[in-house]
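Participant: Residue numbers (our numbering): 2 to 358.
Beta carbons: idealized from backbone N, C-alpha and C, even for Gly.
Keep in mind the model is a prediction, meaning the values are calculated, not measured.
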Amino acid sequence: MHKEFETDNATMDEAKEAAERLSFYPMMFQAAMAMNRLGVLQKVSDAGAKGISSEAISEACGVSQYGVETLLEAGLSLGLVKLVEPYTYRIARMGAFWLKDRQTIANADFIQDVCYKGTFHLDDAIKEEGPAGLKELGDWPNIYHGLSKLPGRSKESWFKFDHHYSDQAFPHAMKVVFEYNPKTMLDIGGNTGKWSMMCAKNNPDVHMTIVDLPGQCGLAMPNIEAAGLMDRVSTHPQNVLDAEYTLPNPVDAVWMSQFLDCFSPEQIVHILSHGKEALAPDGRLFIQETFWDQQENATATYCLHGTSLYFTAMANGNSKMYDSTRMEQYVEQAGLVVEKVVNTVGYFHSIMICKLP
Ligand SMILES: C[S@@+](CC[C@H](N)C(=O)[O-])C[C@H]1O[C@@H](n2cnc3c(N)ncnc32)[C@H](O)[C@@H]1O
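And the structure:
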């Protein structure tokens with residue numbers, strides 16, 4: 002069962018304070034990013050329990066004392082640092098996570114490098130039903146057409162964010178999928194080929210086909226070649242939104258990981274219908290998603306609701322992180338049957354296993 006951040010149990014004062022804090026979130030987030038990227042927080046952390054003066058940080062980081070103190074005062078309010086004595090700071094427990102936790106870093110870099118500027122256009126994106134913020138990164142109809150060419154840090158941060166979540170789920174997911182012993186599998190939205198290569202390496206009988214946009218298939222090919230898996234992993238460039246197409250068939254399994262969240266409900270039904278056509282009579286279609294209603298804690302749900310805003314402002318303006326009930330409706334509209342849903346695949350994912358009626 003999902004949990005959300007509950008402010009109705011708060012006192013009036015606490016609820017007002019939460020609202021006031023919200024108005025400063027964007028600037029406070031920038032301060033926290035600057036503390037990391039200018040090396041200020043690292044210096045505070047290195048100093049240990051005795052702490053370090055703002056003057057010493059200023060010298061070590063080559064940033065004015067004014068700048069260091071302004072950032073660290075924001076850090077005090079954020080809970081990233083503590084004062085040991087006036088103008089001498091030590092790291093706080095939250096600051097240690099902000100500095101070193103892989104998941105927090107993947108999230109923060111994604112927000113900063115991919116989403117931050119573009120999200121300023123969120124209201125336009127909602128009105129236009131298109132990714133009005135994407136122009137901050139490049140001139141494409143949606144982000145997927147630009148993935149292989151994203152500018153500056155945004156490319157690394159996009160892939161780090163995407164892979165962080167799917168990577169930790171894949172080993173658990175493999176156990177779920179290979180219970181069905183598939184010999185042929187389509188990996189739709191296979192991206193850089195991580196899942197397909199992992200399946201091929203661990204299951205000598207399976208043949209994998211990555212279906213993705215041409216640019217992505219181009220990025221996956223050298224990885225497959227380097228892994229020596231050219232005979233067991235193929236690519237099939239295909240825009241799955243094309244009105245008419247046929248996928249390689251019949252296959253024992255169709256796999257879609259962190260994929261359907263990239264599309265609108267109508268598009269999901271269209272894609273699932275094509276996946277269904279590719280299935281062998283006893284085949285299974287596996288949907289791996291992070292459903293926001295299936296998270297064990299409110300923070301995971303919060304991050305998924307935030308990720309939906311990326312889909313709105315930056316990705317394509319019409320997709321989101323769905324809840325499991327909605328996804329089940331789309332599966333049924335495509336003429337498939339949900340056989341079962343396996344929750345807690347890794348920390349955040351579920352796998353919806355679908356079959357022909
Ligand atoms: C969020 S990534 C998922 C990557 C991977 N499956 C995973 O679990 O990490 C979505 C993938 O869908 C692909 N994609 C987006 N739109 C597509 C389309 N219209 N046709 C084919 N692939 C598409 C993107 O290129 C990208 O590789």
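1. How close, in whole Å, do the beta carbons of SER197 and ASP188 come, if the pair is a contact with beta carbons under 8 Å?
2. Indicate the three-state DSSP secondary structure (helix, strand or coil) for MET2 in the structure shown.
3. With a threshold of 7 Å, establish whether the CB of ASP213 neighbours any heavy atom of ligand 1.
4. Where DSSP assigns a beta bridge to HIS350, which residues make up the other side?
5. Verify the contact flag: VAL115, CB atom, against every heavy atom of ligand 1, threshold strictly below 7 Å.
6. Is SER167 a contact residue of ligand 1, with contact defined as CB to any heavy atom under 7 Å?
7. Please check the pair PHE287 and ILE352, which I expect to be a contact at CB under 8 Å, by giving their CB distance rounded to whole angstroms.
8. Closer than 7 Å: is that where the CB of ASP9 sits relative to any heavy atom of ligand 1?
9. Am I right that LEU310 and LEU73 are in contact with their C-beta atoms under 8 Å? What's the rounded C-beta distance?
10. Three-state secondary structure (DSSP) at SER65?
11. Please classify SER24 as buried or exposed, where buried requires at least 16 other C-beta atoms within 10 Å of its C-beta.
12. For MET13, count neighbouring C-beta atoms within 10 Å of its own C-beta (all shown protein chains included) and say buried if the count is 16 or more, exposed if not.
13. Near PHE349, which residues of its chain fall below 7 Å by C-beta distance, leaving aside the five closest residues on each side in sequence?
14. In angstroms, rounded to a whole number, what distance separates the CA positions of MET2 and TYR323?
15. Can you find a heavy atom of ligand 1 that lies under 7 Å from the Cβ of GLY190?
Facilitator: Short version:
1. 5 Å
2. Bear in mind that a pLDDT of 49 at MET2, under 50, signals an unreliable position, so the number given afterwards is only what the model happens to contain. Coil.
3. yes
4. VAL346
5. no
6. yes
7. 6 Å
8. no
9. Not quite, the Cβ-Cβ distance comes to about 29 Å (not below 8 Å), so this is no contact.
10. coil
11. exposed
12. exposed
13. TYR166, THR291, GLN296 and ALA301
14. Low confidence applies here, because MET2 scores a pLDDT of 49, under 50, leaving its location unreliable; read the following figure in that light. MET2 and TYR323: Cα-Cα distance of roughly 14 Å.
15. yes
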